[in-house]
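Asker: Got a structure for you, written out below as structure tokens; questions coming shortly.
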Amino acid sequence: MTQPPSNQPPGGFGAPQDPNANPNQGGVPPVPPQMPGQPPQMPGRPPQAPAQPAVPPPAAQPGYGYPQQAPQPGPYGYPQQPQQPGPYGQQPQQPGPYGQQPGPYGQQTNPYGGGYPGQTQPMYPGAPAPAPAGGGPFKGRTGLVAAIAAGAVVVAAVTTWAVVGKSDDEEPPVAGPATSASSSATAAPKPSESVDQGDGSGDGEKGGEGTDDLNAAREPGESKVNFLTTNDVDLPRNGSEVFGPWIVGDTVIKAMYKGVSGYSLADGAKKWQVDLPFKLCAAPAQPGANGLMVFGYEESAKDGAKCTMLQQIDLKSGKAGWKKAVPKPTGLFAFSDNTLAIGGNTVTAAGSSSAYGFSLTDGKQVFTGPTGDCKPYAYAGDATKMVAANQCRTADASKEQHTVSEVDPNTGKAKWTYRLPATWEVDKVYSVNPLVVSTFQREQKKWSIVALNPNGSVRSQIQGGKDKFAPRCGGGLIIFGRNLQGCTGVAAAGDTFYMSTDVDYGDSNEVVAFDLRNGKPKWRSKAPAEQSMTPLRMEGGEVLVYVAPKFDKGGAVATIAPTGGAPKILLKHPVSVAQIESGFFSAGYAYGNGTFVVAAGRVSASNDAEEKETKTMMGFSK
7 MTQPPSNQPP GGFGAPQDPN ANPNQGGVPP VPPQMPGQPP QMPGRPPQAP
57 AQPAVPPPAA QPGYGYPQQA PQPGPYGYPQ QPQQPGPYGQ QPQQPGPYGQ
107 QPGPYGQQTN PYGGGYPGQT QPMYPGAPAP APAGGGPFKG RTGLVAAIAA
157 GAVVVAAVTT WAVVGKSDDE EPPVAGPATS ASSSATAAPK PSESVDQGDG
207 SGDGEKGGEG TDDLNAAREP GESKVNFLTT NDVDLPRNGS EVFGPWIVGD
257 TVIKAMYKGV SGYSLADGAK KWQVDLPFKL CAAPAQPGAN GLMVFGYEES
307 AKDGAKCTML QQIDLKSGKA GWKKAVPKPT GLFAFSDNTL AIGGNTVTAA
357 GSSSAYGFSL TDGKQVFTGP TGDCKPYAYA GDATKMVAAN QCRTADASKE
407 QHTVSEVDPN TGKAKWTYRL PATWEVDKVY SVNPLVVSTF QREQKKWSIV
457 ALNPNGSVRS QIQGGKDKFA PRCGGGLIIF GRNLQGCTGV AAAGDTFYMS
507 TDVDYGDSNE VVAFDLRNGK PKWRSKAPAE QSMTPLRMEG GEVLVYVAPK
557 FDKGGAVATI APTGGAPKIL LKHPVSVAQI ESGFFSAGYA YGNGTFVVAA
607 GRVSASNDAE EKETKTMMGF SK
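Written out as structure tokens, the structure is:
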């Protein structure tokens with residue numbers, strides 16, 4: 007990743023403050039700098055019109071991160087995902103859809119073209135200008151929806167961007183206190199994707215005619231390549247986004263276009279397939295604890311069809327369960343831009359105009375989200391908890407108020423509500439338990455990370471110091487189906503939050519552990535020489551990280567102890583397949599049952615022949 011231009015302003019990092027805390031404590035939420043020749047951009051929001059240069063912040067507060075180029079609009083009226091930098095001087099990669107976990111490094115060139123970070127000419131002439139002040143009680147979100155309805159070109163903005171400090175006369179935001187809550191049957195398996203398992207001279211089995219043995223050149227201590235699959239689906243002209251991968255038992259699952267498929271972790275052979283009548287359009291970040299998953303698909307084959315249909319699938323067996331339509335909203339802003347999340351035994355479908363909860367087991371509707379002055383527009387959840395991001399009407403129509411609530415998964419009722427400072431918005435939920443939330447202020451271009459206590463009060467603000475960080479979250483436009491969850495580069499457990507630094511290609515980055523009790527760094531763990539690593543999730547109390555490959559170094563899966571130290575390698579991938587491993591477009595990752603899987607986040611090609619040769623998934627094990 008290239009360094010920002012030398013004229014980038016410096017800055018610091020912080021989070022919304024607790025009003026009961028000393029206002030001089032902690033950092034100040036950062037501000038992303040403006041790229042030369044481009045208007046400033048925000049995570050999860052369209053590019054803004056050029057503005058007058060801001061007063062540079064004090065030089066003593068160096069910033070981290072910087073804006074990347076916004077993506078081009080995608081098919082069916084949905085924007086494509088923000089692009090991330092790839093290795094070897096390649097163009098930026100494109101993160102996966104709807105909260106898909108994008109690959110941090112080593113992705114192939116964007117087939118749709120695209121600029122590099124810092125290019126001096128905007129890619130998207132005609133992008134919408136800022137909405138006028140006083141645009142209505144829901145200026146930010148519904149104003150954007152209204153722009154879409156009027157035919158405005160909307161693009162997803164960056165998720166990796168700079169954080170810089172405030173000017174001397176700028177006051178830090180004040181966080182509000184927590185308040186009381188009193189206020190389709192399974193289709194028969196189709197022919198498997200083409201699977202290359204080697205020619206027998208290595209540890210793999212014999213593959214198809216003319217295939218190479220992927221294990222022939224592996225060295226002692228390196229892991230085995232279980233399989234390498236290529237595409238077998240006839241896709242539309244613009245290709246298709248991929249949801250997943252997820253590992254359940256001995257099966258890895260991914261979904262694309264009009265089907266959900268399960269593959270053997272041992273050899274990549276297709277075990278089952280569930281066909282859907284129309285295009286997939288949404289999926290939760292992770293399945294439920296019992297392996298049940300609900301996918302969203304479009305209601306018809308028409309361009310711009312609404313994402314209103316739900317299909318439950320048991321990922322353990324590949325059996326299709328209940329299916330139903332999400333109730334259609336009514337009114338001026340009745341857009342069915344549903345995102346899906348699973349918390350406890352409930353799956354939620356929420357968007358800019360409505361929210362619903364359904365039983366994960368039988369599909370019965372268990373709640374309707376509030377429709378008053380504060381409305382949930384997205385949820386996040388885990389095996390036991392669920393939180394909602396809400397938008398509220400205020401007396402000042404030019405200022406929107408956002409809140410975060412923990413809700414009962416069975417009723418949708420809030421247990422507590424935390425009010426963000428005025429004009430601050432929820433960006434992503436990095437962790438549900440412990441609760442760590444990414445927030446931003448759109449107009450002043452500030453970003454912060456706040457940790458909340460189990461009762462909704464402020465626990466701490468993350469103090470990033472001089473480092474650059476780049477969580478990869480697959481975009482921030484929640485109204486287009488991107489989940490609150492699904493970020494890579496972050497993890498949390500107990501009293502610790504983990505985030506990886508962002509460095510130049512060829513430099514070793516670090517995973518920094520932050521103490522959630524005070525937001526300060528506790529320790530740092532450095533990646534292997536000249537490689538970068540990114541947290542994926544927690545694994546048995548340790549941080550599971552992926553070490554990206556280089557041209558002369560294979561990738562790896564490792565863990566870092568909660569006390570820090572060097573990463574402990576679990577799987578060392580063969581150097582001989584590093585180029586293949588780094589070539590998956592907008593890669594997603596999964597680790598389970600001793601096997602690591604990397605999968606393409608989008609499949610597309612210029613013709614049918616190339617489409618069938620596109621590598622889609624690769625598995626590694628001992």
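All the letters of the sequence shown, read from the start, carry residue numbers 7 to 628 under our numbering.
We treat Cβ as the ideally placed atom computed from N, Cα and C, and that holds for glycine.
Could you tell me if ALA615 is buried or exposed, where buried requires 16 or more neighbouring beta carbons within 10 angstroms of its beta carbon?
Answerer: So ALA615 ends up on the exposed side.
Asker: Could you check where the alpha helix (DSSP H) with GLN585 kicks off and where it finishes?
Answerer: Segment 584–587, the alpha helix (DSSP H) holding GLN585.
Asker: Going along the chain, which residues of its own chain have a beta-carbon closer than 6 Å to the beta-carbon of THR314, five neighbours each way excluded?
Answerer: These residues qualify, in order along the chain: GLU305, ALA331, VAL332, SER342.
Asker: For ASP320, name the three-state secondary structure that DSSP assigns.
Answerer: The answer is strand: DSSP assigns ASP320 an E or B state.
Asker: Grab me the residues of GLY349's own chain with a C-beta within less than 7 Å of its C-beta, minus the 5 sequence neighbours each way, in chain order.
Answerer: Cβ within range, chain order: TYR385, GLY387, ASP388, LYS391, MET392, PRO415.
Asker: Helix, strand or coil for LYS264? Go by DSSP, reduced to three states.
Answerer: Three-state result, LYS264: coil.
Asker: Is THR367 closer than 9 Å to LEU321 when the C-beta atoms are compared?
Answerer: Against a cut-off of 9 Å, the Cβ pair of THR367 and LEU321 comes out as no contact.
Asker: Please state the DSSP three-state secondary structure of ASP614.
Answerer: In the structure shown, ASP614 sits in a helix (DSSP, three-state: H, G or I).
Asker: What whole-angstrom Cβ distance do ALA554 and GLN537 have, given they're in contact under 8 Å?
Answerer: Indeed they touch by this definition, with Cβ atoms about 6 Å apart.
Asker: Could you say if the stretch 528–537 and the stretch 457–466 meet the contact criterion of at least three C-beta pairs nearer than 8 Å?
Answerer: No, because fewer than three Cβ pairs between the stretch 528–537 and the stretch 457–466 fall closer than 8 Å, the two stretches do not touch.
Asker: If you run the structure through DSSP and keep just helix, strand and coil, what is GLU431?
Answerer: In this structure, GLU431 counts as strand in the three-state DSSP scheme.
Asker: Looking at C-beta atoms only, is the number of pairs between the stretch 540–549 and the stretch 494–502 that lie closer than 8 Å three or more?
Answerer: Judged by Cβ distances under 8 Å, the stretch 540–549 makes contact with the stretch 494–502, as three or more pairs qualify.
Asker: Would you mind working out which of TYR303, VAL517, ALA606 sits nearest ILE319, comparing C-alpha positions?
Answerer: Among TYR303, VAL517, ALA606, the Cα nearest to that of ILE319 belongs to TYR303.
Asker: If we count the other Cβ atoms within 10 Å of its Cβ and call it buried at 16 or more, is PRO335 buried or exposed?
Answerer: Burial call: buried.
Asker: Of the choices MET623, HIS579, VAL410, GLY471, whose alpha-carbon is the least far from that of VAL442?
Answerer: Measuring from the Cα of VAL442, the nearest candidate turns out to be VAL410.
Asker: If you draw a straight line from the C-alpha of TYR383 to the C-alpha of LEU234, how long is it?
Answerer: Approximately 39 Å, taken between the alpha carbons.
Asker: Please report the distance separating the alpha-carbon of GLN450 from that of GLU431.
Answerer: For GLN450 and GLU431, the distance between alpha carbons rounds to 12 Å.
Asker: Extract the residue ranges of the beta strand (DSSP E) inside the stretch 440–521, only unbroken runs of 3 or more that lie entirely within it.
Answerer: List check, beta strand (DSSP E) in window: 441–447, 452–458, 464–467, 496–499, 502–506, 516–521.
Asker: Could you give the residue range of the beta strand (DSSP E) that holds SER246?
Answerer: Note, SER246: beta strand (DSSP E), 246–254.
Asker: With DSSP as the reference, label GLU619 as helix, strand or coil.
Answerer: Correct three-state label for GLU619: helix.
Asker: Between the Cα of PRO290 and the Cα atoms of TRP278, ALA261, LEU271, which residue gives the shortest distance?
Answerer: Among TRP278, ALA261, LEU271, the Cα nearest to that of PRO290 is on ALA261.
Asker: Cα separation between ALA567 and LYS312?
Answerer: For ALA567 and LYS312, the distance between alpha carbons rounds to 45 Å.
Asker: Quick one: Cα of TYR552 to Cα of GLY561, how far?
Answerer: Taking the straight line joining both Cα atoms gives about 7 Å.
Asker: So the beta strand (DSSP E) ARG630 belongs to, where does it begin and stop?
Answerer: Here the chain comprises residues numbered 7 to 628, so residue 630 is not present and cannot be evaluated.
Asker: For TYR504, collect the residues of the same chain with a Cβ closer than 6 Å to its Cβ; drop the 5 residues on either side in sequence, then sort them by chain order.
Answerer: These residues qualify, in order along the chain: ALA497, VAL517, ALA519, PRO541, VAL549.
Asker: What did DSSP end up calling VAL581 once you bin it into helix, strand or coil?
Answerer: Note: VAL581 maps to helix in three-state DSSP.
Asker: Which class does SER627 belong to by DSSP, given the choice of helix, strand or coil?
Answerer: Reduced to three states, the DSSP call for SER627 is strand.
Asker: Where does SER592 sit, in a helix, a strand or coil, going by DSSP?
Answerer: SER592: coil per DSSP, three-state reduction.
Asker: Would you mind working out which of ASN439, GLY418, LYS621 sits nearest LEU522, comparing C-alpha positions?
Answerer: Comparing Cα positions, the closest option is ASN439.
Asker: In whole angstroms, what is the alpha-carbon distance linking VAL248 and ALA401?
Answerer: Roughly 42 Å between the two C-alpha positions.
Asker: Roughly how many whole angstroms lie between the Cα atoms of ARG224 and LYS628?
Answerer: Rounded to whole angstroms, ARG224 to LYS628 spans 12 Å at the Cα level.
Asker: Pick helix, strand or coil for ARG543, following the three-state DSSP scheme.
Answerer: Of the three classes helix, strand and coil, the one that applies to ARG543 here is strand, per DSSP.
Asker: Hey, would you say the C-beta of ALA611 is under 8 Å away from at least one heavy atom of the ligand GDP?
Answerer: With respect to small molecules bound, the structure shown includes none, and the ligand GDP cannot be examined in it.
Asker: Let me check one thing: in DSSP terms, what residues is PRO382 bridge-paired to?
Answerer: ASN396.
Asker: Under three-state DSSP, which class holds CYS287?
Answerer: Three-state result, CYS287: strand.
Asker: Between ASP510 and PHE475, is the Cβ-Cβ spacing less than 9 Å?
Answerer: Not closer than 9 Å, so no.
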